[in-house]
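In our numbering, the protein residues as written are 151 to 547. C-beta atoms are modelled at their ideal positions from N, C-alpha and C, and glycine is treated no differently. Note that the structure is predicted; figures quoted are calculated from it, not measured. A short worksheet on the structure shown next.
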Ligand code: LMG
Ligand code: NDP
Ligand code: PMR
């Protein structure tokens, strides 16, 4: 309901809303976050790279041919109702992905495609939260297999559905693993799933988003505070650090090269945090290469600490017991799955969150604000390198 009414608000209201959130920014400084990023993001917008222009010329031609005729007449007629949007959400079978799918489905304005590795689990999950059948469908996707990613993309394209929003949400976290495990193609599992699987998926689906006539197309990659070393949470060891990318360049296979991006010994918690840095860098690189020419909005976010989700399934039982009260009563960073789902649903659909290249966070009043990424997670040169190396690993170059 909240989503529905928010979508109808005039843009003047969003200014007010931003102002309101800025008023309470100080509170969030408690978490080691600073808020002077606006100028920085604006300046990167203007420094588009040459190769970006080359590639996007093709995209621009497609945009002109496909989106203009369908969108303009509807606007000219002053139509108030949009067609239902179609949003693909990876890992929608639990936690944040499921809560977001539920929030979008309930708004009545979205058809959610739950892209999940376990079909039956996804179906049960959708039913358990009361999603109405006409508001969702389930498609198989295993991000730990590039073959499966390609198959998903092919199935999606064959279905003939438009793609308006893609949410890269799925993730694995292996904090207690002593040895690395690997994806089908032999990449360390956390970076392979959370980053490389999503990298291939979003690259292959970009074209479909360009073709969509939906007025506010968005590609969202979920990030996290623990990948940002400009925060207290990001300073809890082991800290994220991509180093000079020597392990990534070698293919993260743990055989002739390290399974870690920076080339060090395997550490499951660090691999997860590194993968989140890659997610946040990828979002910004997408923005630099494609925003201006496609109009697609690229975003990342930290939804809050959702300490009850399946993400911690491999952690020791004592951690799972103490982590939620620790976050609730000590750090006060805790959010429920439902609240986090509403936050991500805002990034999908709220008309006030249309700025591209932003890493969104929420303060204690649940008002959104543009957050500042750590030096590494906002390093444009590193973003370009991660992009180029990842292209090679997933077979795009
Ligand atoms: C590892 O442990 C695990 O081994 C690994 O499996 C994985 O989970 C990984 O990051 C994930 O963590 C990290 C370990 C070491 O942390 C702990 O879990 C130990 C807990 C120690 C308990 C300390 C008491 C706190 C009181 C808690 C009350 C009870 C509730 C307990 C709930 C448990 C939930 C965890 O971590 C440490 O070494 C502890 C020290 C952490 C220090 C934090 C870093 C401070 C850095 C300060 C710099 C701040 C800079 C900010 C800059 C801002 C600038 C604007
Ligand atoms: P969950 O474990 O509840 O959800 C993760 C989802 O990813 C599950 O649906 C899982 O599927 C799916 N998944 C895992 N591996 C694959 C794969 N190979 N192919 C397809 N899907 C896969 O965790 P959360 O909801 O907490 O995590 C969601 C996102 O939120 C992640 O990106 C995480 O990094 C981020 N995040 C979480 C925070 C938190 O505090 N929980 C904080 C900040 C960010 P299945 O159900 O089959 O296991
Ligand atoms: Mg962290 C200031 C607060 C804060 C916040 C917002 C988080 C979020 N954490 C904070 C502080 C601390 N944590 C402190 C002081 C400690 C030491 C006691 C601590 C510990 C800790 C552990 C062991 N925290 C963790 C772990 C995990 O295993 C989680 C992790 O790192 O997963 C990669 C985690 C998290 N803390 C968070 C968030 C959001 C997580 C989940 C990780 C994520 O999805 O990024």
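From residue i to residue j, what does the alpha carbon distance come to, in whole angstroms?
i	j	result
residue 401	residue 312	34 Å
residue 407	residue 364	44 Å
residue 567	residue 249	Outside the modelled stretch of the chain, which goes from 151 to 547, sits residue 567, for which no answer is possible.
residue 415	residue 409	7 Å
residue 275	residue 480	31 Å
residue 531	residue 346	19 Å
residue 499	residue 390	30 Å
residue 297	residue 544	10 Å
residue 393	residue 413	8 Å
residue 395	residue 440	24 Å
residue 458	residue 362	36 Å
residue 383	residue 489	20 Å
residue 235	residue 289	17 Å
residue 421	residue 403	13 Å
residue 325	residue 465	6 Å
residue 355	residue 478	38 Å
residue 533	residue 320	21 Å
residue 496	residue 334	34 Å
residue 318	residue 371	5 Å
residue 259	residue 252	12 Å
residue 377	residue 430	9 Å
residue 304	residue 445	24 Å
residue 182	residue 301	Its pLDDT being 32, under 50, residue 182 is placed unreliably in this model, and the coordinates cannot settle the point.
residue 166	residue 505	Confidence at residue 166 is low in this model, with a pLDDT of 28, below 50, so the placement of that residue is unreliable and no value is reported for it.
residue 381	residue 308	44 Å
residue 493	residue 514	13 Å
Indicate, with yes or no, if ligand 2 has a heavy atom lying under 7 Å from the CB of residue i.
i	result
residue 241	yes
residue 452	yes
residue 319	yes
residue 322	yes
residue 511	no
residue 372	yes
residue 343	yes
residue 294	yes
residue 336	no
residue 244	yes
residue 247	yes
residue 252	no
residue 431	no
residue 271	yes
Can you pull the DSSP bridge partners for residue i?
i	result
residue 451	372 and 510
residue 236	261
residue 348	DSSP, once it has assigned bridges, lists no residue as partnering residue 348.
residue 288	264
residue 269	Beta-bridge pairing links residue 269 to no other residue.
residue 338	332
Provide the residue span of the beta strand (DSSP E) that contains residue i, from first to last.
i	result
residue 315	315 to 318
residue 518	518 to 520
Under DSSP, the alpha helix (DSSP H) around residue i begins and ends at which residues?
i	result
residue 524	That residue, residue 524, is in no alpha helix (DSSP H); it is neither H nor E in DSSP.
residue 538	530 to 543
residue 398	396 to 400
residue 303	296 to 309
Report yes if the C-beta of residue i is less than 7 Å from at least one heavy atom of ligand 3; otherwise report no.
i	result
residue 386	yes
residue 98	Residue 98 falls outside the range modelled here, since the chain spans only 151 to 547, and no answer is possible.
residue 266	no
residue 401	no
residue 461	yes
residue 422	yes
residue 481	yes
residue 465	yes
residue 455	yes
residue 426	yes
residue 570	Past the boundaries of the shown model lies residue 570; the chain is included only from 151 to 547, so the question cannot be answered.
residue 419	yes
residue 325	yes
Does ligand 5 have even one heavy atom less than 7 Å from the beta-carbon of residue i?
i	result
residue 383	You won't find ligand 5 in this model; what it holds is ligand 1, ligand 2 and ligand 3.
Inset, instruction - Counting only runs of 4+ residues fully inside the segment 434 to 506, write out the alpha helix (DSSP H) ranges in chain order. - result: Listed in chain order, the complete alpha helix (DSSP H) runs (minimum 4 residues) inside the segment 434 to 506 are 467 to 475 and 487 to 499.
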